[in-house]
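Chains A and B supply the protein sequences, listed in that same order.
Mapping of the first sequence onto full-length UniProt numbering: residues 1 to 339, in sequence order.
Mapping of the second sequence onto full-length UniProt numbering: residues 1 to 339, in sequence order.
Every residue, glycine too, gets a C-beta built ideally from N, C-alpha and C.
Given the structure is predicted, the values throughout are model-derived calculations rather than measurements.
See below for the structure under consideration.
Number of protein chains: 2
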Amino acid sequence: MKKSAVVTMADVARTAGVSTMTVSNVVNGRPRVGAATRERVLAAINELGYQVNLAARHLRAGRTGVVGLAVPELERPYFAQLAGRLADQFEAHGLRIVMERTGASREGELDAVAFSRLRMYDGLILSVVDMDPGELTGIGTDAPVVMIGERALPSRFDHVLMDNVDGARQATAQLLAGNRRIAMLGGDPAGAATMPALRAQGYALAHHAAGVPIDPALNVQCMFGFQDGYDAVRSLLDRGIAFDAVFALTDVVAIGALRALADAGIQVPAEVELIGFDDLDEAAYLVPSLSTINPGHEQMAAAITRLLLARLAGEPAAEAQELIVPAALVLRGTTRSNG
Amino acid sequence: MKKSAVVTMADVARTAGVSTMTVSNVVNGRPRVGAATRERVLAAINELGYQVNLAARHLRAGRTGVVGLAVPELERPYFAQLAGRLADQFEAHGLRIVMERTGASREGELDAVAFSRLRMYDGLILSVVDMDPGELTGIGTDAPVVMIGERALPSRFDHVLMDNVDGARQATAQLLAGNRRIAMLGGDPAGAATMPALRAQGYALAHHAAGVPIDPALNVQCMFGFQDGYDAVRSLLDRGIAFDAVFALTDVVAIGALRALADAGIQVPAEVELIGFDDLDEAAYLVPSLSTINPGHEQMAAAITRLLLARLAGEPAAEAQELIVPAALVLRGTTRSNG
DNA sequence: GTGAAAGCGCTAACAT
DNA sequence: ATGTTAGCGCTTTCAC
């Protein structure tokens, strides 16, 4: 009768009549083990169904082979698609990506950092939306952290961000080429350096460049779900606010908006042009297909991977880097001039 | 000069002039600590920037507070949306959900099971698509595993599955109410108990019930991306195969199909009706909105949570349960009779 | 080629 | 209310 269901190296060693050290050597494929001994150990492992206890291994080794990816929400297509790309890249380097959510709350984000620092992850990719820059600098992580997301934060961590301002500027400029009254869905002209604020900046920039005054009534603040986009357009229509184009802050919002326009019998792009932001996989398949801003998916994933791997390789503590990935306009069916 | 960058409880204890045990008690909020001592310990923790080492904690405790969710691909909307729901449920019970991918390969799936068994996770939710039932029974996991997904597998693990056959049957029956030639995109009439095979069974069942013969030419085998759905419809059109309705095996495929139909100038639902499967969040917002099968999202998440929590609570080794969540037809704009 | 000893950082159990 | 002991399962010396 075994004293426990959990089989340890000691059990294997006993059964094989060797020391735990020899078992360890066999398990880890280290050379200095005699062929006969190796056989006996392997037999014992099989017989007992032994499996390494990673918790113990990590305690000793100080690393886990796991890179965490902490995002606001697991179901947001932008992050789901980013996660896929990152998993591809890290897998190629023998690292496992695991994804968790922060709930877009300061608390959740700090949690994620704490978790990694607490050595569950060798490194962390953190999408920051609500955390304060100040809180970050105080954090004593050994594990490298690469931050992603919208805001440029002064911080001691590497940071890869998309070019929110310029992306929004491009989208708006394109719409201003044939229109005067561009509704903006989800922008936050008053905000600090958050995504909704940055994209609103780009919207403003394009208006100034084109010499078109901004009508505040054209900005509808909203969240970033499908229904939110739908409601935002409905709200414009219900209040009788005229518009001849729409800049939706995300593709998801754009999809909701598209639906609301269709329900109202408004032709896209003939009567109203629409541009989103994110270039989700589905954007190309909508009817009409969605013109949008590609925030540089591939470059983003590549940059994140490169930075984190460099830190993991223990490159001599270089300065924290900040990388801005350029955004590109993708014209499809919701604009009149399309590719 | 500290001898290392890593601050341990021993360091804190030394600074505070107490034993590590007292530090442990403070850190874990245990009662038997004097107020003054607690203050001193907290001060030392702050001063040194101490953080718990979870690896060590887990080694001792034998649990991690983390539940793994292993899915074929991180970017598949169905799984992303399921992950969100599961995270809600488990968070309410103080457990953290982390998501990883298996790549839909036997190897990746076995990996995930091994990982959990190796004590990184207290429990695992595993979406099985490629693994062989036989391989599962041989696995000696202590951590509870709940399998999800399409196939009914004889196994010693709990298993929650959607009713693929009946869902497909409902969709097909609905289409047969007004049509004769129902194209099927992605089905696998010849396969074993995989998702494409099960849904093809439902398709066949509905045909038999309606007394409509099945034309094999109407079945287009394909993968499950947007482009695959698009290509599948194109292939039917290019080969001149007439059809008056389409059953797409997933909503993603349906979205691609919708686009191909639009490109071909075919009116949906006037000329061709379409039903998908999954009821993704975006289904309701497409133009036209997508009629589909809701595979019981909420019940699925609830059932998975209930089963896993029960095992985690160490309920006396009950028989492995197999639960089938009913599917429901959701009629929207791609069918002529809609809600 | 193999083993003995020591200890990673933490906590349960038992002193005091 | 606080400290001591022991040990989770593994691996890094260093000895044989």
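Cβ-Cβ distance between residue i and residue j below 7 Å
i: A262(A); j: L185(A); result: no
i: D244(A); j: R199(A); result: no
i: D251(A); j: G229(A); result: no
i: Q321(A); j: D158(A); result: yes
i: L54(A); j: L118(B); result: yes
i: T172(A); j: E273(A); result: no
i: residue 393(A); j: M195(A); result: Since the first residue of chain A shown is 1 and the last is 339, residue 393(A) is not available in this structure.
i: D188(A); j: A177(A); result: no
i: I148(A); j: S116(A); result: no
i: L323(A); j: V160(A); result: yes
i: residue 341(A); j: G123(A); result: No answer is possible for residue 341(A): it lies beyond the span of chain A, which begins at 1 and ends at 339.
i: A114(A); j: T102(A); result: no
i: I241(A); j: A217(A); result: yes
i: R32(A); j: A301(A); result: no
Residue i - DSSP class collapsed to helix/strand/coil
i: A327(A); result: coil
i: A33(A); result: Note on identity: in this sequence residue 33(A) is Val, with Ala being the wrong assignment. Note: V33(A) maps to coil in three-state DSSP.
i: D251(B); result: helix
i: A206(A); result: helix
i: S291(A); result: strand
i: A245(B); result: strand
i: A270(A); result: coil
i: M9(A); result: helix
i: N219(B); result: strand
i: G17(B); result: coil
i: S228(B); result: The amino acid occupying residue 228(B) in the given sequence is Asp; Ser does not appear at that position. Helix at D228(B).
i: G68(B); result: strand
i: I275(A); result: strand
i: I304(B); result: helix
i: I214(B); result: coil
i: E75(A); result: coil
i: residue 366(B); result: Here chain B has residues from 1 to 339 only, and residue 366(B) is not among them.
i: E322(B); result: strand
i: K2(A); result: With a pLDDT of only 37 at K2(A), under the threshold of 50, the placement of this residue in the model should not be trusted; the figure read from the coordinates follows. Coil.
Proximal residues to residue i (C-beta, below 8 Å), its chain only, five neighbours per side dropped
i: A83(B); result: L69, V71, I97 and M99
i: A104(A); result: P72, E73, V129 and D130
i: V7(B); result: L48, G49, Y50 and Q51
i: E271(B); result: D244
i: S4(B); result: Because the pLDDT at S4(B) is just 46, under 50, the model does not fix this residue reliably, and the point stays unresolved.
i: E210(A); result: The question names Glu, yet the displayed sequence has Ala at residue 210(A). So the list reads A173 and L176, once near-sequence residues are dropped.
Own chain partners of residue i with C-beta closer than 6 Å, once the 5 adjacent residues on each side are dropped
i: residue 387(B); result: Because chain B here runs from 1 to 339, residue 387(B) falls outside it and cannot be looked at.
i: T305(A); result: Q89
i: residue 343(B); result: What the structure shows of chain B is the stretch from 1 to 339, and residue 343(B) is not part of that stretch, so it cannot be assessed.
i: R234(B); result: A260
i: N338(B); result: L331 and R332
i: V325(B); result: M162, G296, Q299 and M300
Cβ-based neighbour list, residue i, same chain, cut-off 7 Å, excluding 5 preceding and 5 following
i: I214(A); result: A204 and H207
i: T37(A); result: V18 and T22
i: L236(B); result: A183, V220 and F243
i: D281(A); result: Q81
i: V41(B); result: V12, A16, V18, T22, V23 and V26
i: R76(B); result: none
i: F226(A); result: V252, I255 and G256
i: A87(B); result: I97
i: A318(B); result: none
i: N179(B); result: D244, A245 and E273
i: M9(A); result: T20, V23 and S24
i: Q174(A); result: I275, L329 and T335
i: residue 357(A); result: Nothing in the structure corresponds to residue 357(A), since chain A is present only between 1 and 339.
Any non-hydrogen atom of the ligand ADP closer than 6 Å to residue i Cβ
i: A190(A); result: Among the components modelled here there is no ligand, and therefore nothing to report on the ligand ADP.
Exercise. Evaluate contact between the stretch 43-62 of chain B and the stretch 57-65 of chain A, counting only Cβ atoms and requiring at least three cross-stretch pairs below 8 Å.
Key: yes
Self-check item: Minimum length 4: unbroken alpha helix (DSSP H) runs contained in the stretch 78-144 of chain B
Solution: 106-117 and 133-137
Self-check item: contact_flag[the stretch 15-28 of chain B, the stretch 39-49 of chain B] where n(CB pairs < 8 Å) is 3 or more
Solution: yes
Exercise. Count the CB pairs spanning the stretch 283-300 of chain A and the stretch 249-258 of chain A that are closer than 8 Å, and state whether there are at least three.
Key: yes
Quiz item: On the three-pair Cβ rule with 8 Å, is the stretch 163-176 of chain B touching the stretch 325-335 of chain B?
Solution: yes
Practice problem: Can you check the stretch 156-187 of chain B for any alpha helix (DSSP H) of at least 4 residues that lies completely inside it and give the ranges in chain order? | Solution: 164-176
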